[in-house]
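Chemist: No gaps in the numbering here: position 2 of the sequence shown is 2 in full-length UniProt numbering, and each next residue is one more.
Cβ atoms here follow ideal geometry from the backbone N, Cα and C, with glycine treated the same way.
The structure presented is a predicted model; accordingly, all values stated were derived computationally and were not measured.
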Amino acid sequence: MSSAFIMRRPHGVIGRLLRRVILAGGIAALILTSALLYLEYRRDLGVLMDRLAQIESSTLPSIAENVWLEDRERLELVFKGLLQLPGMAQVELLDAQGGTVLRMGQAPDHAIVQGFALTRPYNDRLMDLGQLRVSATTAPLHRRTLERLWGILAANLALIVVLVAAIYALTHQSVIRPLRLIALYAEELGRQGPMATPEQDLGQFHSGDEMWELVRTLNLMRQELARGHQELAANEQRLRILFSASPVSLWEEDFSAVAAALEKHRPNIDDIDAWMQANPTEVLALADMVRVIDVNDATISMHHAHSREELLRRLPLIFTPESLPAFQAQLRALWMGETTLTTDTVVRTLDGELRQILLRWKVATGDEQTLNRVIVSQEDITERKAWANQLEDALARLRASNAELERVTFVTAHDLLEPMRAVISFSQLIERHVRASGIPSTELSDDLSYLQAAALRMKLQIEGMNRYASICQEQVVMQLMPLSLAVNDALQKVSLPEGIALDIGELPEIMGNRRQLADLFFQLIENSVKFRGGDKLHISIAALPVREGWRVTVSDNGIGIDPAFSQSLFDLFRRLHGPGQYSGVGIGLALCRKIMERHDGHIAFDPGYYPGARLVLTFPTAPLASPEPAL
């Protein structure tokens, strides 16, 4: 029974168990039998050695006497008696020179040879009469041991077979049959699914044992699987509803055939872009392998189709030559093992209208290896592109208008300087005529002084506007330069008071114009000097790398700036103090802002810095290039 089961189910649990029982039992029986037989062999060998020892104590004196008397007949009788002893095979008598005197019996293949010296006292001397050599054979011991070994092994093998049969008989009802029922139940559960497979009847198993617990666990697992299937079906239904009702065009596609065909070309492709360029026919063939599984209502509407069937039937009309780069991008993503892609492309509606779309390509989760499901969304950006083009045109017109306005400002400021100089000159001339006339007039002198001061302020404002407009109009060369060069140039032009403390840290290299940057730092340092407080003036310039590039700060311990003016601080002609308190026309920080804009940077006031003021300059990271001498 057990052998038939093992032959029928050689890899089953019981089959493995029985084979292991047979193997373990056979090894144990062999070890035990070998140990017992070894002990018996050693005992029989000991008996044989005792017989050899008895020859020395009982027979050796008689043999020595007969040798001395040279009684050969008597010696032959003694030798025959020795050969009658169990295990004795050969007896030899050797003279003192080692020569054979008498030999009886046959030398065995496996023997124990024992030699005995023959001596006899004579005239107070011990005479050497030769040697007795006795050979005992161990062949009977070996033969008897092997016979007993085979007998014991046969008995043990029969016992093992009986034991295996008993084990099989005992385990068939409690293990094999329940396992077969559980296996059939699991196979049916896997084939039909948890929804179509009923629960296993626990009454077929012994309540509370391991098999019963296993079946109960399988039933619970079937319940959880059924619940999971229901939730999955509900989620799938919800996703289908969302897919169909989405306002964005959605395609569900199968790229498995494309991936398989592309993989066949892999040994011959080093550069996927070069291969696609050289094999346009192969690329089109791969495009034909894409299988559209489903599309939603938004897709049907966007392509002006009447139904899903019509759209899928007329797919070749949708894709234009301009659509090919998008498919090449998808092939490139497949080649690189990427699962997402976003690109622009052009498609055609069924009535021939070209639409620009934003295509998003995403491999569904769980299908990364097979590519059976890929979700492609198509967002119509035709109007957005048109608006962007219109905005770009408007910006171009605005830039041209600003350039024209800056040019007019520059020309106007330049032309206003001449009449303003005339006003100042003639007011001074009138003042000299009044003094020369000898007619004192305090009111006239005050009016002329006010007129001259106002004209001078206007002249400074016009000159500042001229400088501001010249920065906008000026064509400058940007070069990689150390920012410290511009700071040093600015310090050469500023009138620094005695006792000033300057702390200039390590400054970076940036792309800039040395002259404009020197003017920038001149304005900032001059402001620190102009608006210093009563303490010893301290100016600090430091740089710190940030994500945008470099953050350069210019700090002082002067009177500071009210944070309320932080938004309007950089406006043109913005003054925070009256003309009688501090000089200037309020154009310095506006010039700094314009210079930073020309360098693609940014300037800001740090309202949290106190006491004093801190201005923060942000410069973009310089490109990796060999530095050139700055202008």
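On a CA-only basis, which of G588, P108, S555 and R514 is nearest P140? Give me that one, please.
Modeler: In the sequence shown, the residue the question calls residue 140 occupies position 140. Among G588, P108, S555 and R514, the Cα nearest to that of P140 belongs to P108.
Chemist: Checking the sheet assignment: what are the DSSP bridge partners for A136?
Modeler: Counting from one through the sequence shown, the residue named residue 136 turns up at place 136. DSSP lists M88 and I112 as partners of A136.
Chemist: Could you tell me the boundaries of the beta strand (DSSP E) in which R532 lies?
Modeler: Residue numbering aside, residue 532 sits at position 532 when the sequence shown is read from its first letter. It is not in any beta strand (DSSP E) - R532 carries neither H nor E in the DSSP assignment.
Chemist: Would DSSP call P121 helix, strand or coil?
Modeler: As a working mapping, residue 121 is identified with position 121 in the sequence shown. DSSP places P121 in strand when its eight states are reduced to three.
Chemist: Drop a sphere of 10 angstroms on the beta-carbon of W335, count the other beta-carbons inside from all chains shown, and report buried for 16 or more, exposed for fewer.
Modeler: Working through the sequence shown from its first residue, we reach residue 335 at position 335. When all chains shown are included, W335 counts as buried.
Chemist: Report the rounded CA-to-CA distance for N156 versus I31, giving the unit in angstroms.
Modeler: Locating residue 156 in the sequence shown gives position 156, where the first residue counts as 1. Locating residue 31 in the sequence shown gives position 31, where the first residue counts as 1. Each residue's Cα considered, the two are about 12 Å apart.
Chemist: Tell me whether L23 sits in a helix, a strand or coil according to DSSP, three-state version.
Modeler: As a working mapping, residue 23 is identified with position 23 in the sequence shown. Helix, per DSSP.
Chemist: Pull up the distance between the alpha-carbon of L354 and that of L311, whole angstroms please.
Modeler: As a working mapping, residue 354 is identified with position 354 in the sequence shown. As a working mapping, residue 311 is identified with position 311 in the sequence shown. Approximately 16 Å between the Cα atoms of the pair.
Chemist: Check whether the stretch 241-251 touches the stretch 270-277, counting contact only when three or more Cβ pairs, one atom from each stretch, lie closer than 8 Å.
Modeler: no
Chemist: If N557 and L544 are in contact, beta carbons under 8 Å, what's the gap, nearest whole angstrom?
Modeler: If you number the sequence shown from 1, residue 557 lands on position 557. If you number the sequence shown from 1, residue 544 lands on position 544. That pair is no contact at about 20 Å.
Chemist: From the DSSP output, read off the bridge partner residues of Q356.
Modeler: Along the sequence shown, one-based indexing puts residue 356 at 356. Q356 is bridged to V346.
Chemist: Tell me the rounded alpha-carbon separation between R216 and A196.
Modeler: Taking the sequence shown and counting its residues from 1, the one referred to as residue 216 is at position 216. Taking the sequence shown and counting its residues from 1, the one referred to as residue 196 is at position 196. Rounded to whole angstroms, R216 and A196 show a C-alpha spacing of 18 Å.
Chemist: Counting beta carbon pairs with one atom in the stretch 95-109 and one in the stretch 52-66, are three or more of them shorter than 8 Å?
Modeler: no
Chemist: Less than 8 Å between C-beta atoms, sequence neighbours within five positions excluded: which residues of the same chain meet that for D344?
Modeler: Numbered from 1 along the sequence shown, position 344 holds the residue referred to as residue 344. Around D344: A326, Q356, I357, L358, L359 and I381.
Chemist: Quick check on the burial criterion: 16 or more other C-beta atoms within 10 angstroms. Buried or exposed for W387?
Modeler: In the sequence shown, the residue the question calls residue 387 occupies position 387. It counts as exposed.
Chemist: Could you tell me which whole alpha helix (DSSP H) segments of length 4 or greater appear in the stretch 268-329?
Modeler: Correct list: 272-278, 280-288, 297-302 and 308-313.
Chemist: Mark A154 as exposed unless 16 or more other C-beta atoms lie within 10 angstroms of its C-beta, in which case mark it buried.
Modeler: Your numbering for residue 154 matches position 154 in the sequence shown. With fewer than 16 Cβ atoms within 10 Å of its Cβ, A154 is classed as exposed.
Chemist: Can you list, in chain order, the residues of its chain whose CB lies under 6 Å from that of T342, leaving out five sequence neighbours each side?
Modeler: Along the sequence shown, one-based indexing puts residue 342 at 342. The residues are R360.
Chemist: Is the separation between the beta-carbon of N219 and that of E188 shorter than 7 Å?
Modeler: As a first step, residue 219 must be located in the sequence shown, where it is residue number 219. As a first step, residue 188 must be located in the sequence shown, where it is residue number 188. Result no, Cβ atoms of N219 and E188 do not sit closer than 7 Å.
Chemist: Considering only C-alpha positions, which residue in the set T33, G26, L83 and E73 is nearest to R51?
Modeler: Locating residue 51 in the sequence shown gives position 51, where the first residue counts as 1. The candidate whose alpha carbon is nearest that of R51 is L83.
Chemist: Using the three-state DSSP reduction, which class does S555 fall into: helix, strand or coil?
Modeler: Sequence index remark: in the sequence shown, residue 555 carries index 555 (1-based). Looking at S555 - three-state DSSP - the assignment turns out to be strand.
Chemist: Does the Cβ of G578 have 16 or more other Cβ atoms within 10 Å, making it buried, or fewer, making it exposed?
Modeler: By one-based count along the sequence shown, residue 578 stands at place 578. Note that G578 scores a pLDDT of 48, beneath 50, so its modelled location is shaky; the value from the coordinates is reported in the next line. Label assigned to G578: exposed.
Chemist: Beta strand (DSSP E) containing H206: first to last residue?
Modeler: Taking the first residue of the sequence shown as position 1, residue 206 is located at position 206. Here H206 belongs to no beta strand (DSSP E), and DSSP marks it neither H nor E.
Chemist: Determine the burial state of V546: buried for a count of at least 16 other Cβ atoms within 10 Å of its Cβ, exposed for fewer.
Modeler: The residue labelled residue 546 in the question sits at position 546 within the sequence shown. Exposed, since its Cβ has fewer than 16 Cβ neighbours within 10 Å.
Chemist: Since P607 is in the beta strand (DSSP E), which residue starts that stretch and which ends it?
Modeler: Taking the sequence shown and counting its residues from 1, one reaches residue 607 at position 607. Neither: P607 is in no beta strand (DSSP E) and is coded neither H nor E.
Chemist: Taking D270 as the reference, which of G99, V476, E548 and R332 has the closest Cα?
Modeler: Locating residue 270 in the sequence shown gives position 270, where the first residue counts as 1. Nearest C-alpha to D270: R332.
Chemist: Give me the residue from I587, T618 and P607 with the minimum Cα distance to D600.
Modeler: Residue numbering aside, residue 600 sits at position 600 when the sequence shown is read from its first letter. The candidate whose alpha carbon is nearest that of D600 is T618.
Chemist: Terminal residues of the continuous alpha helix (DSSP H) containing Q192?
Modeler: Mapped onto the sequence shown, residue 192 falls at position 192. That run of the alpha helix (DSSP H) goes R177 to Q192.
Chemist: Figure out for me which residue from L485, R514, G98 and E392 has the closest Cα to the Cα of E506.
Modeler: The sequence position of residue 506 within the sequence shown is 506, counting from 1. Closest option to E506, Cα to Cα, is L485.
Chemist: For I22, which residues in the same chain have their Cβ closer than 7 Å to its Cβ, ignoring the five residues on either side in sequence?
Modeler: Here residue 22 is taken as the residue at index 22 of the sequence shown, counted from 1. Counting only Cβ-Cβ distances below 7 Å, and skipping sequence neighbours, we find I160 and V164.
Chemist: Is A111 closer than 7 Å to D137 when the C-beta atoms are compared?
Modeler: Taking the first residue of the sequence shown as position 1, residue 137 is located at position 137. Taking the first residue of the sequence shown as position 1, residue 111 is located at position 111. Here residue 137 turns out to be Thr, not Asp, going by the sequence shown. Yes; because the gap between Cβ atoms is below 7 Å, this pair is in contact.
Chemist: Hey, quick one: how far does the alpha helix (DSSP H) through E253 stretch, first residue to last?
Modeler: In the sequence shown, counting from the first residue as 1, residue 253 sits at position 253. Where E253 is concerned, there is no enclosing alpha helix (DSSP H), although the beta strand (DSSP E) it sits in stretches over S249 to D254.
Chemist: Quick one: grab the DSSP three-state call for E213.
Modeler: What you label residue 213 is simply residue 213 of the sequence shown in a count that begins at 1. If DSSP states are grouped into helix, strand and coil, E213 belongs with the helices.
Chemist: Helix, strand or coil for G578? Go by DSSP, reduced to three states.
Modeler: Along the sequence shown, one-based indexing puts residue 578 at 578. At G578 the pLDDT is 48, less than 50, meaning the model places this residue with poor confidence and gives no usable figure here.
Chemist: Just to confirm before moving on: does the CB-CB distance between V162 and V134 stay below 7 Å?
Modeler: Position 162 of the sequence shown, counted from the start, is the residue given in the question as residue 162. Position 134 of the sequence shown, counted from the start, is the residue given in the question as residue 134. Against a cut-off of 7 Å, the Cβ pair of V134 and V162 comes out as no contact.
Chemist: If you draw a straight line from the alpha carbon of S323 to that of A329, how long is it in whole angstroms?
Modeler: Along the sequence shown, one-based indexing puts residue 323 at 323. Along the sequence shown, one-based indexing puts residue 329 at 329. Between S323 and A329, the C-alpha separation is close to 10 Å.
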